Amino acid sequence: MLELKNIKRHYKTGDFVQQALKGINLSFRKNEFVAILGPSGSGKTTLLNIIGGLDRYSSGDLIINGKSTKKFSNIEWDAYRNNCIGFIFQSYNLIGHISILQNVEMGMTLSGISASKRRKKALAVLEKVGLKNHAHKKPNQLSGGQMQRVAIARALANDPDIILADEPTGALDTKTSIQIMDLIKEIAKDKLVIMVTHNPDLAKTYANRIVEFKDGELISDSNPVENEKTTKKFSIKKTSMSFLTALKLSFNNIKTKKGRTIITSLASSIGIIGIALILALSNGFKIQIDKFEKDTLSQMPIIISPQVVISDEKTQSEIMDTLMSNENAYTDKKEIYPLISVQDLVHNNKISLDYTNYIEQIDSNLIGGIAYNRSTNMNLLYKNNDKISLISSLNIMSPLPEDLHGNWGDVINDNFELIYGHMSTEANELVLLVDTKNRVNSEILKLLGYNQEKAIPFDEILGKEFKVILNNELYTKYGDNFIMNMNYDQLYDNENNITLKITGIIRGKQGSKFAELSGSGFCYKEALMDLIMEKNSNSDIVKAQTDADYNVLTKAKFDLTTSEGIDAKNTILTYLGATSAPMVIQIYPKDFNSKDELTKVLDAYNDGKQESDKIIYTDYAETITSLSGNIMDAITVVLIAFSAISLIVSSIMIGIIMYISVLERTKEIGILRALGARKKDITRVFNAETFIIGLFSGLLGIGIALILCIPANAIIENLTQLPNVAQLNPVHAIVLISISLILTLIGGYIPAKLASKKNPVEALRTE
Ligand code: ADP
Ligand code: MG
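Here it is as structure tokens:
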């Protein structure tokens with residue numbers, strides 16, 4: 000059944016060629032016990048390795064059941080070793096970190112036999128060698144003789160046709176040797192057993208055929224094969240190790256070096272910890288910033304003011320250059336360049352009625368409120384204990400934002416609470432805005448006749464009235480000029496007056512930035528301004544001032560050839576109520592999300608307009624948001640880059656550790672190969688090990704990061720009062736574990752490949 004035809008094997012070491020086998024012709028019967036005798040170095044082990052498919056012959060042919068092995072593929076050799084051959088070595092060659100039972104099962108595991116069948120079979124052979132009770136021990140808990148029995152059990156487990164034993168008793172005492180030989184003799188009953196020994200007595204006692212070797216040549220054969228028919232067809236089942244087996248094997252191996260594994264994982268998890276913490280923090284801060292933006296920044300209006308400074312990055316950096324005297328400031332060029340001044344950057348917004356109309360038509364779902372600030376004066380008469388005084392509305396009153404329907408909508412409801420009376424609904428109704436301690440600006444109170452630091456009851460304020468005197472009553476034409484009517488008693492009772500009533504007292508809600516910024520004073524509705532404007536814009540004084548090139552009240556002349564002169568005239572016209580175009584418009588977006596939409600609509604106004612006619616708004620919330628967002632992003636990127644370096648370093652470290660592990664496990668690689676493991680399976684074993692370490696260090700990293708979040712949050716809360724800032728996004732955690740896995744697999748890839756390329760014969764030779 001087994002036939003060697005002119006087998007030669009030589010080894011090359013440098014220029015020296017060692018002929019280990021010099022053309023061996025030898026046949027074996029299906030069932031016999033052959034002892035190979037010969038001095039050390041005569042080629043016995045080489046022959047056995049070639050028969051066992053562990054080593055390759057240089058020339059000749061090995062014929063198995065009538066089939067030449069010249070064209071055998073690696074996979075066929077692996078399968079042959081696994082199914083047809085059982086090896087017994089002098090040094091037992093058991094895998095130290097798995098149990099006796101698992102050692103015996105290994106060959107069957109490699110050929111994919113089910114776990115229960117494997118176990119049954121393994122226990123049966125262990126019983127046969129008398130070690131059933133030791134099945135769960137580790138190899139180093141057994142004596143030499145016992146270990147050799149395990150090796151015999153392992154060789155028998157997969158029911159091979161051929162048992163190859165290389166000096167199986169070489170390391171045993173005489174008594175144990177005899178026991179082992181008895182065992183081998185017994186199993187030889189129905190198998191081909193080829194045993195190498197240099198003990199002629201043992202050979203004579205047990206073998207039924209003795210073959211002698213010397214210097215790589217066959218010198219005698221006690222019972223040569225004459226002519227044996229080969230009957231059995233050659234077919235062998237292929238082997239393959241499942242990834243689960245590889246995992247189990249590696250897991251057991253890792254268990255034997257817990258300390259090192261933990262330190263390795265810890266070291267390689269540092270990168271993960273770093274990145275996880277940074278992500279948790281930046282994620283948490285982003286959430287806080289988002290919340291802050293929604294809470295606070297959405298209360299910030301979009302402001303359209305008469306002048307805005309516009310500057311792009313280029314001009315900004317030019318300005319910075321000018322401010323910071325720097326080495327490279329001097330140029331060698333012989334040319335003159337313009338220096339950009341702030342004036343060049345100022346854009347004048349011509350806020351016209353056209354523009355206010357455009358705003359009034361914006362979708363009311365986008366706007367929470369609008370306030371028009373005007374420098375138009377309302378002439379107010381105020382009576383205090385029969386003493387009447389004239390007050391300019393500009394000193395005591397301001398508008399609050401209203402929605403597009405002229406109501407005090409969401410902006411007011413969100414930011415203010417009514418603490419007394421009722422909110423004004425009519426044009427002639429006012430509310431008084433007080434601060435958190437019910438205080439009102441003392442200048443305003445002084446105008447109302449309150450000088451002492453005396454508390455004023457709510458009811459007393461609510462009873463107060465103002466009379467709005469229209470331009471035509473207050474200003475009387477006198478020659479080319481106008482003079483103010485000083486007879487307040489008469490004016491006070493004029494039937495054209497509008498009587499303003501104070502109906503309620505409001506106060507900012509807690510946490511409202513808008514309310515904090517609003518100060519105190521009386522608040523009127525846009526409807527009041529509209530009502531007065533309607534009358535005053537057609538008043539005599541306005542008409543006269545429109546045509547005049549001097550101030551009709553003071554007779555001061557305007558130099559209308561200069562922009563200052565034009566501005567001065569416009570200021571007095573606006574004061575008198577000539578135009579209802581506001582000076583400043585504040586637009587409050589309905590909510591954070593509608594702001595983008597709103598700014599798009601405002602941008603659209605400028606489409607196709609000349610540069611000078613464009614209206615450029617200022618979005619303070621946007622500036623703050625993008626600033627904070629950008630800074631966060633930049634810091635995050637930089638910190639992650641640093642941690643990424645430690646991640647790469649740790650994956651290199653994994654590579655080194657895996658390399659050491661490969662060196663340590665060389666023997667195991669040899670054993671596995673002898674049992675029929677493919678190169679692929681060896682790669683798998685090591686990939687499984689890196690997989691475990693990668694997964695473990697990833698999990699460890701995330702775990703430690705989560706734990707570190709607790710003190711980090713405590714510190715942050717202490718410093719900023721923000722609770723639970725560091726929050727690790729679960730998606731980030733999963734991604735980081737995957738990255739750790741991938742990096743360690745990459746780090747371990749080269750060592751794993753290296754392991755699979757190891758020559759099994761050499762691997763077995765290592766100690
Ligand atoms: P035996 O088992 O009979 O003691 P071996 O088969 O181990 O002898 O070795 C036969 C000869 O081949 C010896 O001279 C040995 O030095 C040589 N040899 C074996 N393996 C190698 C190798 N990998 N490289 C070089 N020479 C080797
Ligand atoms: Mg030998």
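Residues 0 to 766 in numbering that gives the first Met the number 0 are what the sequence shown spells out, letter by letter.
All C-beta atoms in this analysis are idealised placements derived from N, C-alpha and C, irrespective of residue type, glycine included.
Every value quoted in this text rests on a predicted model; they were computed, and no experiment measured them.
- Within the region 33–88, the complete beta strand (DSSP E) runs of at least 3 residues fall at 58–63, 84–87.
- Assignment of alpha helix (DSSP H) within the region 188–258, counting only whole runs of 4 or more residues, yields 199–205, 242–254 in chain order.
- By the Cβ neighbour-count rule, residue 133 is buried, with 16 or more other Cβ atoms within 10 Å of its own.
- For residue 31, same chain residues with a beta-carbon under 7 Å away, outside a window of 5 residues either side, are 191, 207, 208 in chain order.
- DSSP, reduced to helix, strand and coil, places residue 365 outside both helices and strands of the structure shown, so it counts as coil.
- For residue 522, the pairing in a beta bridge is given by DSSP as 397, 430.
- Three or more pairs of CB atoms, one per stretch, sit closer than 8 Å, so the region 389–398 contacts the region 514–529.
- In this structure, residue 260 has its beta carbon at no less than 7 Å from each heavy atom of the ligand ADP.
- Annotation for residue 284: 631, 724 place their beta carbon closer than 8 Å to its own, counting only its chain and skipping 5 residues before and after.
- Per DSSP, residue 127 has no beta bridge partner at all.
- When beta bridges are read from the DSSP output, residue 2 appears opposite 26, 62.
- Distances between the C-beta of residue 54 and the heavy atoms of the ligand MG are all 7 Å or more.
- At least one heavy atom of the ligand ADP is found less than 7 Å from the C-beta of residue 37.
- Judged by their CB atoms, residue 53 and residue 759 are nearer to each other than the 8 Å cut-off.
- Considering only 393, 718, 156, 348, the residue with the shortest C-alpha distance to residue 611 is 348.
- Short of 6 Å from the beta carbon of residue 434, and not among the five residues preceding or following it, lie these beta carbons of its own chain, in chain order: 519.
- Taking a C-beta distance under 8 Å as the contact criterion, residue 605 and residue 514 do not qualify as a contact pair.
- With respect to the 8 Å criterion, residue 147 and residue 125 are not classified as neighbours on the basis of their beta carbons.
- Residue burial is scored here from C-beta neighbours: residue 51 has at least 16 other C-beta atoms within 10 angstroms and is therefore classed as buried.
- Per DSSP, the unbroken beta strand (DSSP E) holding residue 164 starts and ends at 161–165.
- At a cut-off of 7 Å, the beta-carbon of residue 45 counts as near the ligand ADP: some heavy atom of the ligand is closer than that.
- Taking 7 Å as the cut-off, one finds at least one heavy atom of the ligand ADP near enough to the beta carbon of residue 761.
- Counting every other CB atom within 10 Å of its CB across the protein chains shown gives residue 383 a total below 16, marking it as exposed.
- Just so you know, the alpha carbons of residue 352 and residue 509 end up roughly 36 Å apart.
- Residue 757 sits in coil when the DSSP states are folded into three classes, being neither helix nor strand.
- Taken atom to atom, the span from the alpha-carbon of residue 694 to that of residue 740 is near 6 Å.
- Counting only residues of its own chain and dropping the five nearest sequence neighbours on each side, residue 42 has a CB closer than 7 Å to the CB of 19, 20, 212, 215.
- Boundaries of the beta strand (DSSP E) harbouring residue 503: 497–507, taken from the DSSP string.
- Comparing alpha carbon positions, the residue from 282, 178, 341, 588 closest to residue 730 is 282.
- If the five residues before and after residue 750 are omitted, its C-beta is found closer than 8 Å to the C-beta atoms of 654, 657, 658, 660, 661, 685, all from its own chain and listed in chain order.
- As DSSP reads the structure, residue 618 sits in a beta bridge with 301.
- Residue burial is scored here from C-beta neighbours: residue 568 has at least 16 other C-beta atoms within 10 angstroms and is therefore classed as buried.
- Counting along the chain, residue 105 sits inside the alpha helix (DSSP H) bounded by residues 99–109.
- Relative to the ligand MG, the beta carbon of residue 730 is positioned no closer than 7 Å to any heavy atom.
- The residues 376, in chain order, have a CB closer than 6 Å to that of residue 393 in the same chain once the five nearest residues on each side in sequence are set aside.
- The C-beta of residue 587 has 16 or more other C-beta atoms within 10 Å across all chains shown, which makes the residue buried.
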